[in-house]
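In the numbering used here, the protein residues as written are 5 to 61.
Quick reminder that beta carbons are idealized off the backbone N, C-alpha and C, glycines included.
In this text, all values refer to a predicted model and were calculated from it rather than measured experimentally.
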């Protein structure tokens, strides 16, 4: 969100953060609709993760 506030476009944000543009778009839309609450991780269907988020590199 900070890079978007600086005026960067989704493509450039994705390149800087090494993530696809559709993912950047998804998070920007969620933030626009829900503000900070939209940035919270949501529960997902499927198998639970094996590693905790803090254990990832």
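Item	Value
Using only the alpha-carbon positions, how far apart do residue 32 and residue 48 sit?	19 Å
Using the beta-carbon count (16 or more within 10 Å), is residue 27 buried or exposed?	exposed
Do you know how far the Cα of residue 34 is from the Cα of residue 42?	5 Å
Kindly list the residues whose CB is nearer than 7 Å to the CB of residue 17, restricted to its own chain and excluding five residues on each side of it in sequence; keep chain order.	7, 8 and 28
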